[in-house]
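Reading through the structure tokens given below for one structure.
There are 2 protein chains.
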Amino acid sequence: MVEPKPATRSRGRRGAGADTKAALLDAAKAVFAELGYDNATVRMIAARADVDPAMVNHWFGGKQRLFAAAVLELPVNPFDLLDGLMDGPDEELGERMVRLFLTIWDTDGGRMPALVRSITQQEAAANAIRDLFVNHIVEPLVRRLGSDQSALRATLCGSQMVGLGMMRYVLKFEPLASTDREALVAAVAPNLQRYLTGSLEG
Amino acid sequence: MVEPKPATRSRGRRGAGADTKAALLDAAKAVFAELGYDNATVRMIAARADVDPAMVNHWFGGKQRLFAAAVLELPVNPFDLLDGLMDGPDEELGERMVRLFLTIWDTDGGRMPALVRSITQQEAAANAIRDLFVNHIVEPLVRRLGSDQSALRATLCGSQMVGLGMMRYVLKFEPLASTDREALVAAVAPNLQRYLTGSLEG
DNA sequence: GCCTATATTCAACCGCTGTTGAAATGAGGA
DNA sequence: TCCTCATTTCAACAGCGGTTGAATATAGGC
Chain W
1185 MVEPKPATRS
1195 RGRRGAGADT
1205 KAALLDAAKA
1215 VFAELGYDNA
1225 TVRMIAARAD
1235 VDPAMVNHWF
1245 GGKQRLFAAA
1255 VLELPVNPFD
1265 LLDGLMDGPD
1275 EELGERMVRL
1285 FLTIWDTDGG
1295 RMPALVRSIT
1305 QQEAAANAIR
1315 DLFVNHIVEP
1325 LVRRLGSDQS
1335 ALRATLCGSQ
1345 MVGLGMMRYV
1355 LKFEPLASTD
1365 REALVAAVAP
1375 NLQRYLTGSL
1385 EG
Chain E
1185 MVEPKPATRS
1195 RGRRGAGADT
1205 KAALLDAAKA
1215 VFAELGYDNA
1225 TVRMIAARAD
1235 VDPAMVNHWF
1245 GGKQRLFAAA
1255 VLELPVNPFD
1265 LLDGLMDGPD
1275 EELGERMVRL
1285 FLTIWDTDGG
1295 RMPALVRSIT
1305 QQEAAANAIR
1315 DLFVNHIVEP
1325 LVRRLGSDQS
1335 ALRATLCGSQ
1345 MVGLGMMRYV
1355 LKFEPLASTD
1365 REALVAAVAP
1375 NLQRYLTGSL
1385 EG
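The listed protein sequences derive, respectively, from chains W and E. Position one of the first sequence corresponds to residue 1185 (my numbering), numbered consecutively onward. Position one of the second sequence corresponds to residue 1185 (my numbering), numbered consecutively onward.
Here you go:
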């Protein structure tokens, strides 16, 4: 009986098909999403990509940089998101925003869950959330709407969205975690709308 | 010149005044609050308590147990909180809830920030939040109000509160982090109120 | 004043993690 | 065909972090 998967593989260059870099990126996204930055180990990621841990340093230059490449570099242009959000009546902005982010979070292969989960462990993750979500999306949005206290409104929206992502994807508290997306949109949108355009005083 | 604080101290039993256990609890709360469970080290906590790291094992039986004793064991009775929240008109329940938790978080020596910060690192922290906040406080509250979908409402409230705690105490996003407590109460209360008693459909 | 139990320090261990340098291997051009 | 170099594996290192067992000094009862 021959071993089906040789525990040790021969060295040297692989065939052109073996795109190690992409395999590492995929594995990194998955493992970071499940465990967060700290608890994910380079060895785990390499094992999942079926590759030697040293490849992380060869292709990315370390765990930190791999995290940046896999999780921090977003596949979408913030301005496109902003334009998509502005397309429609202002009274439904909250609704469009919840739907947009829930959709992205549900479908991009764990990049956003990884971000949310690593938010307390990696300064870079916190900065990414602040820059992308608060500074580049919500704050310009609020400003364009002409509401006062745009910065406070933006962080309030952020607090609701971060909490939502936490509950649904990281903590997985039921029944929120498995509630239908549209039902959640209906439940959360009015509150977001109030943060965007409503009065912030009692 | 003699060294003011001898780097090495003599062994043996200390005076009765040196309450090592309490010192460790205080130090643990502070360090866990600042760094979260994973990034806090036993050696750090011991150093802050001015004590040998081995004392953590002697008095608590390990880092995990120290965390449980310092952060998880709450000084308040959930039923008291519940009673305090019920005392007043139902329409101001959201307001009382935000104010209550912000006050606790601001003043209990970092226990709650430690909980929120460790939420992604320690299963026990997540469970504590679910049990205390969602199951023992908000859910009974909603049920007593007679609203439908009490479980979903409770987790929605949880998402807003967790997000708020995250933004204000962990990420410290401005201007939310340094906004006056009562202003924050005014801004957030109506949204919480809607989760408690409002309609969850569009 | 002695004796035991207890609190405390110290030194070390063990496992894990990110990282590195060298060796080996094969692809692709000359 | 041979040579070069990018790619890959391997082994090891250094550091850290929680935990442990032994040594030691003191408190408090007899």
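No residue lacks a Cβ here, since even glycine has one placed at the ideal position from N, Cα and C. Keep in mind that this is a model prediction, so the values were computed, not measured.
Cα-Cα separation between residue i and residue j, rounded to whole angstroms
i         : j         : result
W/Ala1212 : E/Ile1303 : 22 Å
E/Leu1336 : E/Ala1202 : 48 Å
W/Leu1269 : W/Leu1286 : 14 Å
E/Val1369 : W/Gly1386 : 9 Å
E/Leu1355 : W/Arg1198 : 44 Å
E/Glu1366 : W/Met1296 : 32 Å
W/Leu1208 : W/Ile1229 : 7 Å
E/Gly1246 : W/Arg1227 : 27 Å
W/Leu1258 : W/Asp1271 : 22 Å
E/Gly1278 : E/Val1372 : 8 Å
E/Asp1274 : E/Gln1333 : 17 Å
W/Asn1319 : E/Arg1193 : 52 Å
E/Thr1225 : W/Val1260 : 38 Å
E/Arg1249 : E/Glu1218 : 18 Å
W/Phe1406 : W/Asn1223 : Residue numbering for chain W in the displayed model covers 1185 to 1386; residue 1406 of chain W lies beyond these limits and cannot be assessed.
E/Asp1292 : W/Ser1331 : 35 Å
W/Asp1210 : W/Thr1204 : 10 Å
E/Asp1364 : W/Arg1314 : 21 Å
E/Ala1361 : W/Pro1359 : 30 Å
Within-8 Å CB hit, residue i to chain E
i         : result
W/Ser1362 : no
W/Leu1224 : Reading the sequence as shown, one finds Ala at residue 1224 of chain W and not Leu. No, its Cβ sits nowhere closer than 8 Å to a Cβ of chain E.
W/Ala1308 : no
W/Ile1303 : yes
W/Glu1385 : yes
W/Pro1188 : Only weak support is given to the placement of W/Pro1188: the predicted model assigns it a pLDDT of 39, under 50, and the question is left unresolved by the model.
W/Phe1357 : yes
W/Pro1273 : no
W/Ala1214 : no
Contact with chain W by residue i, beta-carbon distance below 8 Å
i         : result
E/Met1351 : yes
E/Leu1209 : no
E/Leu1380 : no
E/Val1255 : no
E/Gln1248 : no
E/Ser1343 : yes
E/Ala1370 : yes
E/Arg1314 : yes
Any non-hydrogen atom of the ligand COA within 7 Å of residue i CB
i         : result
E/Ala1338 : Although the ligand COA was asked about, the structure shown includes no ligands whatsoever.
CB-CB length for residue i against residue j, believed under 8 Å
i         : j         : result
E/Ala1214 : E/Arg1195 : Not quite, the Cβ-Cβ distance comes to about 27 Å (not below 8 Å), so this is no contact.
E/Val1151 : E/Ala1298 : Residue 1151 of chain E falls outside the range modelled here, since chain E spans only 1185 to 1386, and no answer is possible.
W/Tyr1221 : W/Trp1289 : With a Cβ gap of about 18 Å, W/Tyr1221 and W/Trp1289 do not count as contacting.
E/Met1345 : E/Phe1317 : 7 Å
E/Gly1347 : W/Gly1347 : 2 Å
W/Ala1308 : W/Ala1253 : 12 Å between Cβ atoms; not a contact.
Next item on the list: Evaluate the contact criterion for the stretch 1300-1317 of chain E versus the stretch 1276-1284 of chain E: three or more CB pairs, one atom per stretch, below 8 Å.
Entry: no
Notebook entry, point to check: Touching or not, the stretch 1373-1385 of chain W and the stretch 1255-1267 of chain E, by the rule of three or more beta carbon pairs under 8 Å?
Noted result: no
Next item on the list: Say whether the stretch 1316-1335 of chain W touches the stretch 1231-1243 of chain W, bearing in mind that this needs 3 or more beta-carbon pairs closer than 8 Å, one atom from each stretch.
Entry: no
Note to self: Using a Cβ distance threshold of 8 Å, determine whether the stretch 1368-1377 of chain W contacts the stretch 1336-1346 of chain W, with at least three qualifying pairs required.
What the structure shows: yes
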